[in-house]
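Visitor: The structure's right below; bear with me while I get my questions together.
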Amino acid sequence: EAGVVQSPRYKIIEKKQPVAFWCNPISGHNTLYWYLQNLGQGPELLIRYENEEAVDDSQLPKDRFSAERLKGVDSTLKIQPAELGDSAVYLCASSLGQSGAPRETQYFGPGTRLLVL
Amino acid sequence: AQTVTQSQPEMSVQEAETVTLSCTYDTSENNYYLFWYKQPPSRQMILVIRQEAYKQQNATENRFSVNFQKAAKSFSLKISDSQLGDTAMYFCAFMKPHQTGANNLFFGTGTRLTVIP
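Chains E and V, in that order, are what the protein sequence lines are.
With positions in the first sequence counted from 1, the corresponding number in the numbering used here is that position plus 5.
With positions in the second sequence counted from 1, the corresponding number in the numbering used here is that position plus 20.
Next up, the structure:
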């Protein structure tokens, strides 16, 4: 079974440029998460989707960050414009959500490492 | 708000020896889930072990076991017969159960474990 897929793995951009990250969750997983992981820190949630609905985006900086999960499968996270402080690893995770067991276990992708110059 | 504290930024252990990583958390919830995740240098976060708070029995997964002390809000991870492949960052995480079975993970800052040959 394929795991959570993310692309690109690495991205270097100049500040004020836009950038987008893509995530494809494990097949059948209803819930999708985007996390931000700064160097030396644990991941912090940016947004959680249940199917195509964003049910928790309270930590998403909406002035420059946006996300979508059309059709409730894969998802895109965008930053526009990027700032120096956005340099971090962006992790995507998925879980079964409403059905199956153990529903609570989240499976993570390899992440996208972003460097803003 | 839930907080997770890992007081050991770095630890090392000799190969084949046993090591214990500490984690404490703060919550007013009675039912919740606790996790240990491993993040090797490749950065893919992998679930090591999970514990449901309503279960008194400590979870075990092969060489990995936990010491769950609910009253003390402590959740330590014991790795027996340490192997070189255990070298990684280890994150303790807390989750409050949600009605749909999916909720957000709150991570500690991690412990970097090095297994010495």
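Yeah, the Cβ is synthetic: ideal placement off N, Cα and C, and Gly gets one too.
Could you tell me the alpha carbon to alpha carbon distance between Pro30 of chain E and Glu109 of chain E, rounded to whole angstroms?
Guide: By one-based count along the first sequence, residue 30 of chain E stands at place 25. By one-based count along the first sequence, residue 109 of chain E stands at place 104. Their Cα atoms are separated by approximately 15 Å.
Visitor: Confirm, please, whether the CB-CB distance from His34 of chain E to Ser99 of chain E is below 7 Å.
Guide: Locating residue 99 of chain E in the first sequence gives position 94, counting from the first residue. Locating residue 34 of chain E in the first sequence gives position 29, counting from the first residue. In this structure, His34 of chain E lies closer than 7 Å to Ser99 of chain E by Cβ.
Visitor: Considering only C-alpha positions, which residue in the set V:Tyr74, V:Ser85, V:Pro29 and V:Glu30 is nearest to Glu49 of chain V?
Guide: Numbered from its first residue, the second sequence carries residue 49 of chain V at position 29. Closest option to Glu49 of chain V, Cα to Cα, is V:Tyr74.
Visitor: Out of E:Pro23, E:Gln22 and E:Leu37, state which residue places its alpha-carbon closest to the alpha-carbon of Gly8 of chain E.
Guide: Numbered from its first residue, the first sequence carries residue 8 of chain E at position 3. If we check each option's Cα against that of Gly8 of chain E, E:Leu37 comes out closest.
Visitor: Out of curiosity, what's the CA-to-CA distance linking Asp62 of chain E and Glu35 of chain V?
Guide: Position 57 of the first sequence, counting from 1, holds the residue named residue 62 of chain E. Position 15 of the second sequence, counting from 1, holds the residue named residue 35 of chain V. Rounded to the nearest angstrom, the two C-alpha atoms are 43 Å apart.
Visitor: Spell out whether any CB of chain E is found under 7 Å from the CB atom of Gln64 of chain V.
Guide: Position 44 of the second sequence, counted from the start, is the residue given in the question as residue 64 of chain V. Yes, because at least one Cβ of chain E sits closer than 7 Å to the Cβ of Gln64 of chain V.
Visitor: Shortest alpha-carbon distance to Gly105 of chain V belongs to which of V:Val86, V:Val33, V:Phe114 and V:Arg70?
Guide: To locate residue 105 of chain V, count along the second sequence from 1; it is residue 85. The option with the nearest alpha carbon to Gly105 of chain V is V:Val33.
Visitor: In three-state DSSP terms, what is Lys58 of chain V?
Guide: Taking the second sequence and counting its residues from 1, one reaches residue 58 of chain V at position 38. Three-state DSSP puts Lys58 of chain V in a strand.
Visitor: Report the rounded CA-to-CA distance for Ile66 of chain V versus Phe84 of chain V, giving the unit in angstroms.
Guide: For the purposes of this step, residue 66 of chain V is taken as the residue at position 46 of the second sequence. For the purposes of this step, residue 84 of chain V is taken as the residue at position 64 of the second sequence. Each residue's Cα considered, the two are about 13 Å apart.
Visitor: Please compile the residues from chain E whose C-beta is within a distance smaller than 9 Å of the C-beta of Phe111 of chain V.
Guide: For the purposes of this step, residue 111 of chain V is taken as the residue at position 91 of the second sequence. Neighbours of Phe111 of chain V on chain E, chain order: Gly47 and Pro48.
Visitor: What does the alpha-carbon distance come out to for the pair Lys90 of chain V and Gln42 of chain E?
Guide: Position 70 of the second sequence holds residue 90 of chain V. Position 37 of the first sequence holds residue 42 of chain E. Their Cα atoms are separated by approximately 28 Å.
Visitor: Can you pull the chain V neighbours of Val94 of chain E, defined as C-beta to C-beta under 8 Å?
Guide: Translated into the one-based positions of the first sequence, residue 94 of chain E becomes position 89. Per Cβ cutoff of 8 Å: Arg63.
Visitor: Would DSSP call Lys20 of chain E helix, strand or coil?
Guide: Locating residue 20 of chain E in the first sequence gives position 15, counting from the first residue. Residue state, collapsed to three classes: coil.
Visitor: Counting contacts by CB-CB distance shorter than 7 Å, is Thr107 of chain V in contact with chain E?
Guide: Your numbering for residue 107 of chain V matches position 87 in the second sequence. Not an interface residue.
Visitor: Using the Cα positions of Leu122 of chain E and Gln85 of chain E, report the straight-line distance between them to the nearest angstrom.
Guide: Position 117 of the first sequence, counting from 1, holds the residue named residue 122 of chain E. Position 80 of the first sequence, counting from 1, holds the residue named residue 85 of chain E. Rounded to whole angstroms, Leu122 of chain E to Gln85 of chain E spans 14 Å at the Cα level.
Visitor: So, does the CB of Gly33 of chain E fall closer than 7 Å to a CB anywhere in chain V?
Guide: Working through the first sequence from its first residue, we reach residue 33 of chain E at position 28. It does not; no Cβ of chain V falls within 7 Å.
Visitor: Rounded to the nearest angstrom, what separates Ala93 of chain E and Gln46 of chain E at their Cα positions?
Guide: Counting from one through the first sequence, the residue named residue 93 of chain E turns up at place 88. Counting from one through the first sequence, the residue named residue 46 of chain E turns up at place 41. So the alpha carbons of these two residues sit roughly 10 Å apart.
Visitor: Assuming Phe70 of chain E contacts Leu89 of chain E (C-beta within less than 8 Å), just tell me the rounded distance between them.
Guide: Position 65 of the first sequence, counted from the start, is the residue given in the question as residue 70 of chain E. Position 84 of the first sequence, counted from the start, is the residue given in the question as residue 89 of chain E. With 8 Å as the limit, Phe70 of chain E and Leu89 of chain E do not qualify as a contact, their Cβ atoms being about 15 Å apart.
Visitor: Can you grab the Cα-Cα spacing for the pair Ser96 of chain V / Pro23 of chain E, in whole Å?
Guide: Within the second sequence, numbered from 1, the residue matching residue 96 of chain V stands at position 76. Within the first sequence, numbered from 1, the residue matching residue 23 of chain E stands at position 18. Distance between the alpha carbons of Ser96 of chain V and Pro23 of chain E: 42 Å.
Visitor: Do you know how far the Cα of Phe113 of chain E is from the Cα of Leu101 of chain E?
Guide: Taking the first sequence and counting its residues from 1, one reaches residue 101 of chain E at position 96. Taking the first sequence and counting its residues from 1, one reaches residue 113 of chain E at position 108. Cα to Cα, Leu101 of chain E sits roughly 13 Å from Phe113 of chain E.
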